[in-house]
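Reading the sequence shown from the start, the letters are residues -14 to 147 in this note's numbering. Even for Gly, the Cβ is constructed at its ideal location relative to N, Cα and C. This structure is a prediction, so every number in the text was calculated from the model and none was measured. Working notes for the structure below.
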Amino acid sequence: MAKAKAVVVPNKVLHIRASYLYQAASYLASQQLEPDPQNDQATHKDGTKSNNENVCHRASIRLISDLRNVTSKTLIRMSPEMKQGICKICNTILNEGSTCSSEVENKSKGGKKPWADVLVRKCNICGTAKRYPLGKRQKRRPLRMQTLDTNGLEELGGDAVS
């Protein structure tokens, strides 16, 4: 018996670089959110943010910009989780409650169709809204009817032909 071949990832180094850039950007974005215990005032008297917070935010945006450049130039696809966690317009990491707000929307008549639920994530920095469908995608109608017919036959006791 031959050994099973290991899965070979093409451009492994580029995947590692993209992952590192995303992790560094998310770390800097989380540092931006945590208040500094030594500096009690998060804002100055004139209402502007502290310098450290502003630097972390700009560095995070720069890393995300570099991530987009690396993945587009080398034709690497970002994972859907990574892609959904980044604002397309302003390149900020979307952290729930601080840099984005999320809500479930159903624009069907009266909101009666559960398969029409859509998650809307709105960036608090630039105001861009991204929409993602929730739940599984439905089968086409003929396939749904086919499964209903087979389930109905099983409930009746099996054979349709007597």
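Cβ neighbours of residue 76 in the same chain (closer than 8 Å, five flanking residues each side left out): 46, 49, 50 and 53
In three-state terms, what does DSSP make of residue 121? coil
Looking at the unbroken alpha helix (DSSP H) that takes in residue 66, where does it start and where does it end? 65 to 69
Where does residue 112 land, buried or exposed, given buried means 16+ other C-beta within 10 angstroms? exposed
Nearest-angstrom Cα separation, counted from residue 125 out to residue 106: 28 Å
Checking 7 Å against the spacing of the C-beta atoms, do residue 78 and residue 4 come in under that value? no
Go to residue 103, then tell me how far its alpha helix (DSSP H) extends in each direction, as first and last residue. Careful: residue 103 lies outside any alpha helix (DSSP H), inside the beta strand (DSSP E) at 103 to 108.
Buried or exposed: which applies to residue -7, given that a residue is buried once 16 or more other Cβ atoms fall within 10 Å of its Cβ? exposed
Residue from 6, 13, 91 and 84 whose Cα sits closest to the Cα of residue 56: 6
Taking the alpha carbon of residue 109 as the point to measure from, which residue in 80, 101, 68 and -2 has its own alpha carbon closest? 80
Does the distance from the CB of residue 41 to the CB of residue 16 come in under 7 Å? yes
Below 8 Å on the Cβ atoms is my guess for residue 59 versus residue -4; work out the distance and round it to an integer in Å. 6 Å
Between which two residues does the beta strand (DSSP E) carrying residue -8 extend? No beta strand (DSSP E) holds residue -8; DSSP gives it neither H nor E.
Taking residue 65 as the reference, give the member of 98, 131 and 117 with the closest Cα. 117
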